[in-house]
Each structure stands twice: as structure tokens, then as C-alpha cells.
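Enquirer: Residue numbers (the working numbering), protein chains in the order written: chain C, 12 to 159; chain S, 473 to 576. Heads up, the beta-carbon is just placed ideally off N, CA and C, and yes, glycines get one too. This structure is a prediction, so every number in the text was calculated from the model and none was measured. Please find one structure pasted underneath; my questions will follow.
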């Protein structure tokens, strides 16, 4: 196994969803929706903060909203409080970019960057975003969450 | 993104190699990727385009450079759509077999 130095720490995830930008915006910002695809967490965007609560009501995240342009772009800080090893790392940044395409399809891109000071977070979220976005797509297109 | 495009893109060994290179280090330029392959710039571009059309690679501008990122979401969708379904079934079948054998 060779060790590679990670120069670029930005992570990019993209999915095409048969839904309007407004529906996607709601799915990202409505706690009822997020509880169905975001590891059962309730996520809210209020008073300049993105707050996330786990299934038992425990605080999973509480970071600033950095940019809010309904229904096109949403940027917020990211520091995972559900794991002490991740919570002590520096705050990174998550951007949701929502772009309508032809034929009632919307392109959703999640960019997780500023991860230089959060290597464990970078490793931890790498598989998670795919799971979340795949679940979000299924939920919006079928009305049902993923079976698992 | 349709499954056909993803399976087709994954069917090429060079394209899988490109994905592996991006997995090792993400956000690379065409020049960077080209330097690791025994292939012309045009050849690498062609393969990257197939990967981008399948949604497996997303390219983004960063200053004056264009960086290529591995997008694992389509693979996850295939997993959710195909693998999960069949492995779940197998686990259930084995569980049923066990119950039957133990009852027998």
C-alpha cells in the first residue's frame, strides 16, 4: 500500500433528481424531510444557524449559515458533534448548489471543502454523502425512503 | 443519471483506472491524470468525457485550472438499487433455511 499526500481536500458529490429546485430546497431544510434520509437527523436552518439533532434529540451540529440564496445555493459550516474525535477538529464548509436542467430535472451538487484542518471528518463523511444524496433522490422521486 | 451510462463507463479498464487515480487523490487536472497513463491527452479526454456523462466524474473550475473529482453517488445508487436488494434477499433466504433446518 502506498501512502499518498492529499493535496486537494475538496469533496464533490452530484446527483440529478426529477424534482424542482424548490422541492430540493425543502428536502434540505425541512427537519421532517431530513429525518427520512439524513441518518434520521432533524436539520433546521433558522436564525443564521444550521442545527442538526440526532434521532434521540442529541445535538449533532450547530454551525453558521454562510450563504442562503433560495432555491439555488445554501452554504454552511460543518463540525460533527456526534463523535468527540470529529468535534475537536476545525470547522469545514458544505455548499449545496441547485441548478435546474431540461425536462424537469434538477442537478444537485454538494461540495464539502475547507477540510484541511479536519482529516478525520473528511474520511468520515466520504461515504456518508453518497448515501445521503442517493436517499434524497429516492425520497423525492418515489416518496419513499430507502429501505435500509 | 441512467444506469446504462454508469455500467458502460465502468466497463472500461482505463476508466476504472482513472476512477482509482481520483480515489487516491481527488481534484486533479487533465495534465496530472495524463502524466500517469500511457495514453495520449486526447485518449484521456475521451475517457473522462464518458465518465462525466455517466456522472462518475465532476469537473469544476478552480482559478484557471479545471479539476476533476470522483463522484461516487451513481455507484451508491447502483448499490442501493441492485446489490442491496439481492444481498438482502440472500440473507433472508439463509435465515429461512436455518429456521427450517433447526425446526426439522
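Could one say the Cβ of residue 544 of chain S lies closer than 9 Å to chain C's Cβ atoms, at least one of them?
Expert: Residue mapping note: residue 544 of chain S aligns to position 72 of the second chain, counting from 1. With 9 Å as the cut-off, residue 544 of chain S counts as an interface residue toward chain C.
Enquirer: So who's on the other strand from residue 70 of chain C, going by DSSP bridges?
Expert: Residue 70 of chain C sits at position 59 when you count from the first residue of the first chain. For residue 70 of chain C, which the question treats as bridged, DSSP gives the partners C:64.
Enquirer: Since residue 148 of chain C is in the alpha helix (DSSP H), which residue starts that stretch and which ends it?
Expert: Translated into the one-based positions of the first chain, residue 148 of chain C becomes position 137. Residues 130 to 153.
Enquirer: Taking all protein chains shown into account, do 16 or more other C-beta atoms lie within 10 angstroms of the C-beta of residue 147 of chain C, making it buried, or fewer, making it exposed?
Expert: Working through the first chain from its first residue, we reach residue 147 of chain C at position 136. The residue is buried, with at least 16 neighbouring Cβ atoms inside 10 Å.
Enquirer: Along the stretch 511 to 530 of chain S, what residues have a CB closer than 8 Å to any CB found in chain C?
Expert: Under the 8 Å Cβ criterion, the stretch 511 to 530 of chain S contributes 527 and 530.
Enquirer: For chain S, check one thing: does any of its Cβ atoms lie closer than 9 Å to the Cβ of residue 162 of chain C?
Expert: No information on residue 162 of chain C is available, as it lies outside the stretch 12 to 159 that chain C covers here.
Enquirer: Buried or exposed: which applies to residue 22 of chain C, given that a residue is buried once 16 or more other Cβ atoms fall within 10 Å of its Cβ?
Expert: Locating residue 22 of chain C in the first chain gives position 11, where the first residue counts as 1. Buried, since its Cβ has 16 or more Cβ neighbours within 10 Å.
Enquirer: So if I threshold CB-CB distances at 9 Å, which residues from the stretch 132 to 151 of chain C count as touching chain S?
Expert: Here the close residues are 137, 138, 140, 141, 142, 144, 145, 146, 148 and 149.
Enquirer: Counting Cβ pairs closer than 8 Å, one from the stretch 125 to 132 of chain C and one from the stretch 100 to 108 of chain C, do we hit at least three?
Expert: Contact between the stretch 125 to 132 of chain C and the stretch 100 to 108 of chain C is present, because at least three Cβ pairs lie under 8 Å.
Enquirer: Using DSSP bridges, identify the partner residues of residue 89 of chain C.
Expert: On the first chain, residue 89 of chain C is found 78 positions in, with the first residue counted as 1. Answer is C:103, bridged to residue 89 of chain C.
Enquirer: What in chain S is Cβ-close to residue 157 of chain C, meaning under 9 Å?
Expert: Locating residue 157 of chain C in the first chain gives position 146, where the first residue counts as 1. 552 and 556, listed in chain order.
Enquirer: Show which residues of chain C have a CB atom less than 8 Å away from the CB atom of residue 541 of chain S.
Expert: Numbered from its first residue, the second chain carries residue 541 of chain S at position 69. Neighbours of residue 541 of chain S on chain C, chain order: 21, 22 and 23.
Enquirer: Using a Cβ-Cβ distance cut-off of 9 Å, determine whether residue 499 of chain S contacts chain C.
Expert: Looking up residue 499 of chain S in the second chain gives position 27. Yes, its Cβ sits closer than 9 Å to a Cβ of chain C.
Enquirer: Quick one: does residue 549 of chain S have its CB under 9 Å from some CB of chain C?
Expert: Reading the second chain from its first residue, position 77 is the one you call residue 549 of chain S. Interface residue, yes.
Enquirer: Assuming contact is defined by CB atoms lying nearer than 9 Å, are residue 505 of chain S and residue 516 of chain S in contact in what I supplied?
Expert: Taking the first residue of the second chain as position 1, residue 505 of chain S is located at position 33. Taking the first residue of the second chain as position 1, residue 516 of chain S is located at position 44. Yes, the pair counts as a contact, with Cβ atoms nearer than the cut-off.
Enquirer: Would you identify the three-state DSSP class for residue 537 of chain S, choosing helix, strand or coil?
Expert: Translated into the one-based positions of the second chain, residue 537 of chain S becomes position 65. Correct three-state label for residue 537 of chain S: strand.
Enquirer: Roughly how many whole angstroms lie between the Cα atoms of residue 484 of chain S and residue 478 of chain S?
Expert: Along the second chain, one-based indexing puts residue 484 of chain S at 12. Along the second chain, one-based indexing puts residue 478 of chain S at 6. Spanning the two alpha carbons is a distance of roughly 11 Å.
Enquirer: Along the chain, where does the beta strand (DSSP E) containing residue 119 of chain C start, and where does it finish?
Expert: Locating residue 119 of chain C in the first chain gives position 108, where the first residue counts as 1. First-last of the beta strand (DSSP E) with residue 119 of chain C: 117 to 124.
Enquirer: Leaving out the 5 sequence neighbours to the left and right, which residues in its chain are closer than 8 Å to residue 541 of chain S when beta-carbon positions are compared?
Expert: Along the second chain, read from residue 1 onward, the residue named residue 541 of chain S stands at position 69. For residue 541 of chain S, where only same-chain residues beyond five positions count, the Cβ hits under 8 Å are 494, 498, 499, 529, 530, 531 and 532.
Enquirer: How many angstroms separate the CA atom of residue 41 of chain C from the CA atom of residue 139 of chain C?
Expert: Here residue 41 of chain C corresponds to residue number 30 of the first chain, with the count starting at 1. Here residue 139 of chain C corresponds to residue number 128 of the first chain, with the count starting at 1. Cα to Cα, the separation comes out at about 19 Å.
Enquirer: Just checking: is the beta-carbon of residue 536 of chain S within a distance shorter than 9 Å of some beta-carbon in chain C?
Expert: On the second chain, position 64 is the one that residue 536 of chain S refers to. No, because no Cβ of chain C sits closer than 9 Å to the Cβ of residue 536 of chain S.
Enquirer: Drop a sphere of 10 angstroms on the beta-carbon of residue 571 of chain S, count the other beta-carbons inside from all chains shown, and report buried for 16 or more, exposed for fewer.
Expert: Taking the second chain and counting its residues from 1, the one referred to as residue 571 of chain S is at position 99. Residue 571 of chain S is exposed by the Cβ-count criterion.
Enquirer: To the nearest whole angstrom, what separates the beta carbons of residue 109 of chain C and residue 36 of chain C, a pair I think is in contact under 8 Å?
Expert: Within the first chain, residue 109 of chain C is the residue found at index 98, counting from 1. Within the first chain, residue 36 of chain C is the residue found at index 25, counting from 1. Residue 109 of chain C to residue 36 of chain C, Cβ: 6 Å. Contact.
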